[in-house]
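Participant: Right, I'll just put the structure down here and ask away after.
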Amino acid sequence: MIKSIIHYSQLEDRLDAEYYKPEFLEVESCLNKLRITQKLAELACSEQLRYNPQHEIGIIKYLDIANVDLNSGSVTLQLIPRYLAPSRARRRVNVGDILISMVRPNRNAIVLIGDNLKDIVCSTGFTVVKPQKIKAGYLFAFLKTKYAIKQLTRSTSAVMYPAISEQEVFEIKVPVPDKQTQDKISDSVKQSINIGTVANRKFYEAQNLLYEYLNIRNDKTIPQKTFSIPFSQLEDRLDGEYYRQKSILFSPIFSNGALPLGKVTSINMGKTPSKTAYTKKGVRILKVRDLTNKGINWTENNRAFVTSEAWEKSEKSRVQKNDILLISAAHQAYYIGKELDIVFDIPKKYSNKLSAVAELLIIRSTEINPYVLLWYLRSPIAYKLIQQQITGETSHLYPKDLVNLPIPKILFDFNKLKQLEQLTKDSILLQKQSKELLESAKLEVEKVIEGSKNGNC
């Protein structure tokens, strides 16, 4: 049980115990000791540019909170016809603005708007902060630290759907060092974003290479609300959903035939260890949170290791280089098969000993290049086929469900897709470099706070 005893004089206009958690009080005490701290409202203002998608012609670039990478702040934009834009697509942004998610701020969905994002429309779930008396890069780095996250989290209200108001966002305290320090940290953030942009470009080059090869760039092979199949394919059922998968199999990419996934790979399910098997150091265990769709996130969060004994007992849940990990269980079926990652560039300190939890399927290629298979499984056709195999009220996918997943024979001609493997590896390594630069910037901010002569954190 966590106890927090405070003085009566520390009480504010809230009486919920969560608000007075020791970790929140510690951050508040630390920042209060600094003479260089100011409220965000004194350093920046709220960008109020509004937008009505009905006034736009064609496609809009939309950013929702769910499309933000929580580690790097990079984004995946949705290209949406204006008439399909959600009602929350209402905020315009400028270069240098910072987006802060007001919903579940503990997740730290924060974005620094660069030149590549100047034309986007974002959700009203973001507060748009326009820095005025502080460097945008430095402020972004601060907002990624625990000192900002805990302040934002502390101000949330509600349990099921915790959120913070725009006014509360601008109440957080920000340490403001000298211009030279801000410039140094901002430069690291800028480098991180630039390298991340190159990484994303290589990611989409790899994706487009496969899509062009399979001629599925426009998703024309995915059946919509209506589709047709030959009369000879009718069975003793007349419900359309039963025949949806069959209609996909008439796609041109299967014209030269297909092989079942189970024939060209081994498919195993990870194993979730008992609570007693977790340890502070040991064998690294990979979880759903570690899949980013752009490379494994090797950050060591809570319960990131299990004992060697647990690893020895679970041979099928072991993970090795070039394995593909796929989410196999989720509360919403939509997420199953949506994110996949290939195991590459394993940190040496793990000595190639890795394991996976039961919510992940481990696909090990034996007859097909794993990078080609990765991109095929990420394709809209494979995603649709995977979705049709999901069972259970809470949505599950088992190895037996994927055994017969069709793999087009034309994908086995690797000579035509040689670039794909290198582009994927380059993208992963550049994402890693980008993340390291951002982590370095965050550490510099924390040094400003913890090493200040005026503070004693």
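Residues in the sequence shown are numbered from 20 upward in steps of one, following our numbering. Where is the CB? At the ideal position from N, CA and C, for every residue including glycine.
(1) Which of the three DSSP states, helix, strand or coil, is assigned to proline 427?
(2) From the DSSP secondary-structure annotation, give me the bridge partner or partners of phenylalanine 324.
(3) Between the C-alpha atoms of valine 307 and isoleucine 343, what's the straight-line distance to the nearest angstrom?
(4) Give the single residue among Lys332, Thr298, Tyr417 and Ser336 whose Cα lies nearest to the Cα of alanine 349.
(5) Please state whether DSSP places alanine 348 in a helix, a strand or coil.
(6) Tell me whether alanine 182 sits in a helix, a strand or coil according to DSSP, three-state version.
(7) With a threshold of 8 Å, are at least 3 pairs of Cβ atoms found where one atom belongs to the stretch 164-176 and the other to the stretch 131-138?
(8) Any idea what DSSP makes of threonine 200, helix, strand or coil?
(9) Here's the rule I'm using: 16 or more other beta-carbon atoms within 10 Å means buried, otherwise exposed. How should proline 196 be labelled?
(10) DSSP beta-bridge partners for cysteine 141?
(11) Once the 5 residues before and after aspartate 360 are set aside, which same chain residues still bring their CB inside 7 Å of it?
(12) Applying the 10 Å Cβ sphere with the 16-neighbour rule, what's the burial state of tyrosine 166?
(13) For alanine 155, count the other beta carbons within 10 Å of its own beta carbon; 16 or more makes it buried, fewer makes it exposed. Which is it?
(14) What residues are listed by DSSP as bridge partners for asparagine 287?
(15) Under DSSP, the alpha helix (DSSP H) around proline 124 begins and ends at which residues?
(16) Going by beta-carbon coordinates alone, are isoleucine 204 and alanine 377 separated by less than 8 Å?
(17) CB tyrosine 232 to CB leucine 396, shorter than 8 Å?
(18) If you check the beta carbons only, do serine 453 and alanine 218 fall under 8 Å apart?
(19) Just how far apart, CA to CA, sit isoleucine 272 and tryptophan 330?
(20) Do leucine 379 and glycine 470 have their C-beta atoms closer together than 8 Å?
(21) What span of residues does the alpha helix (DSSP H) with alanine 375 cover, start to end?
(22) According to DSSP, simplified to helix, strand and coil, what is threonine 56?
(23) From the DSSP output, read off the bridge partner residues of threonine 410.
(24) Chain B beta carbons: is any one of them nearer than 8 Å to that of proline 399?
(25) Looking at lysine 163: is its Cβ nearer than 8 Å to the Cβ of asparagine 127?
(26) Compute the Euclidean distance between the alpha carbons of lysine 52 and valine 464, then round it to the nearest angstrom.
(27) Which of the three DSSP states is assigned to aspartate 342 in this structure?
(28) Would you kindly check if the distance between the Cβ of threonine 56 and the Cβ of proline 194 is under 8 Å?
(29) Do you know offhand how far asparagine 321's Cα is from glutamate 412's?
(30) Is the number of C-beta pairs between the stretch 180-195 and the stretch 56-68 that are closer than 8 Å three or more?
(31) Based on the DSSP output, what are the partners of serine 205 in its beta bridges?
(32) Let me make sure I understand the geometry here. Which of Gly281, Ser211, Asn71 and Ala277 has the alpha-carbon closest to that of isoleucine 381?
(33) Where do the N-terminal and C-terminal ends of the beta strand (DSSP E) with valine 467 fall, by residue?
(34) Taking 8 Å as the cut-off, does the stretch 367-374 touch the stretch 389-407 (at least 3 CB pairs, one atom from each stretch)?
(35) Can you look up valine 422 in the DSSP assignment and give me helix, strand or coil?
(36) With 16 as the cutoff for other CB atoms within 10 Å, does isoleucine 139 come out buried or exposed?
Facilitator: Looking at the atomic coordinates:
(1) Here residue 427 refers to the residue found at position 408 when the sequence shown is read from its first residue. DSSP places proline 427 in strand when its eight states are reduced to three.
(2) Here residue 324 is taken as the residue at index 305 of the sequence shown, counted from 1. DSSP lists Thr298 and Arg303 as partners of phenylalanine 324.
(3) On the sequence shown, position 288 is the one that residue 307 refers to. On the sequence shown, position 324 is the one that residue 343 refers to. Rounded to the nearest angstrom, the two C-alpha atoms are 13 Å apart.
(4) In the sequence shown, the residue the question calls residue 349 occupies position 330. When C-alpha distances from alanine 349 are compared across Lys332, Thr298, Tyr417 and Ser336, the shortest belongs to Tyr417.
(5) Position 329 of the sequence shown holds residue 348. Strand, per DSSP.
(6) Here residue 182 is taken as the residue at index 163 of the sequence shown, counted from 1. Alanine 182 falls in the strand class under three-state DSSP.
(7) Touching, no.
(8) Here residue 200 corresponds to residue number 181 of the sequence shown, with the count starting at 1. Residue state, collapsed to three classes: helix.
(9) One-based indexing of the sequence shown puts residue 196 at position 177. Counting Cβ neighbours within 10 Å, proline 196 comes out buried, since at least 16 surround it.
(10) Counting from one through the sequence shown, the residue named residue 141 turns up at place 122. Beta-bridge pairing links cysteine 141 to Leu82 and Arg110.
(11) Mapped onto the sequence shown, residue 360 falls at position 341. Leu310, Thr311, Asn312, Gly314, Ile315 and Leu344.
(12) Counted from its first residue, the sequence shown places residue 166 at position 147. By the neighbour-count rule (16 or more Cβ atoms within 10 Å), tyrosine 166 is buried.
(13) Taking the first residue of the sequence shown as 1, we reach residue 155 at position 136. Classification for alanine 155: buried.
(14) Locating residue 287 in the sequence shown gives position 268, counting from the first residue. Looking at the DSSP assignment, asparagine 287 forms a beta bridge with Ile381.
(15) Counted from its first residue, the sequence shown places residue 124 at position 105. Premise fails: proline 124 is in no alpha helix (DSSP H) and is neither H nor E.
(16) For the purposes of this step, residue 204 is identified with residue 185 of the sequence shown, where counting begins at 1. For the purposes of this step, residue 377 is identified with residue 358 of the sequence shown, where counting begins at 1. The answer is no: Cβ separation not under 8 Å.
(17) Position 213 of the sequence shown, counting from 1, holds the residue named residue 232. Position 377 of the sequence shown, counting from 1, holds the residue named residue 396. The answer is no: Cβ separation not under 8 Å.
(18) Within the sequence shown, the letter at position 434 stands for residue 453. Within the sequence shown, the letter at position 199 stands for residue 218. In this structure, serine 453 lies near alanine 218, with their beta-carbon atoms less than 8 Å apart.
(19) Taking the first residue of the sequence shown as 1, we reach residue 272 at position 253. Taking the first residue of the sequence shown as 1, we reach residue 330 at position 311. Separation of isoleucine 272 and tryptophan 330 (C-alpha to C-alpha, rounded to the nearest whole angstrom) is 40 Å.
(20) Taking the sequence shown and counting its residues from 1, the one referred to as residue 379 is at position 360. Taking the sequence shown and counting its residues from 1, the one referred to as residue 470 is at position 451. Not a contact, by the Cβ cut-off of 8 Å.
(21) Here residue 375 refers to the residue found at position 356 of the sequence shown. Counting along the chain, alanine 375 falls outside any alpha helix (DSSP H), though it belongs to the beta strand (DSSP E) covering 373-375.
(22) Within the sequence shown, residue 56 is the residue found at index 37, counting from 1. In the displayed model, threonine 56 falls within a strand according to three-state DSSP.
(23) Locating residue 410 in the sequence shown gives position 391, where the first residue counts as 1. In DSSP, threonine 410 forms a bridge with His415.
(24) Annotation note: the requested chain B is absent from the structure, which comprises a single protein chain.
(25) Taking the first residue of the sequence shown as 1, we reach residue 163 at position 144. Taking the first residue of the sequence shown as 1, we reach residue 127 at position 108. In this structure, asparagine 127 lies closer than 8 Å to lysine 163 by Cβ.
(26) In the sequence shown, the residue the question calls residue 52 occupies position 33. In the sequence shown, the residue the question calls residue 464 occupies position 445. Cα to Cα, the separation comes out at about 16 Å.
(27) Numbered from 1 along the sequence shown, position 323 holds the residue referred to as residue 342. The answer is coil: DSSP assigns aspartate 342 none of H, G, I, E or B.
(28) Mapped onto the sequence shown, residue 194 falls at position 175. Mapped onto the sequence shown, residue 56 falls at position 37. Their beta carbons are under 8 Å apart, which means proline 194 touches threonine 56 by this criterion.
(29) Here residue 321 refers to the residue found at position 302 of the sequence shown. Here residue 412 refers to the residue found at position 393 of the sequence shown. So the two alpha carbons sit approximately 28 Å from each other.
(30) Touching, yes.
(31) Reading the sequence shown from its first residue, position 186 is the one you call residue 205. None; serine 205 has no bridge partner.
(32) On the sequence shown, residue 381 is found 362 positions in, with the first residue counted as 1. Comparing Cα-Cα distances from isoleucine 381 to each of Gly281, Ser211, Asn71 and Ala277, the minimum goes to Gly281.
(33) Indexing the sequence shown from 1 puts residue 467 at position 448. Segment 437-469 is the alpha helix (DSSP H) holding valine 467; no beta strand (DSSP E) there.
(34) These segments do not touch.
(35) Looking up residue 422 in the sequence shown gives position 403. Valine 422 falls in the coil class under three-state DSSP.
(36) On the sequence shown, position 120 is the one that residue 139 refers to. Looking at its Cβ environment, which holds 16 or more other Cβ atoms inside 10 Å, isoleucine 139 is buried.
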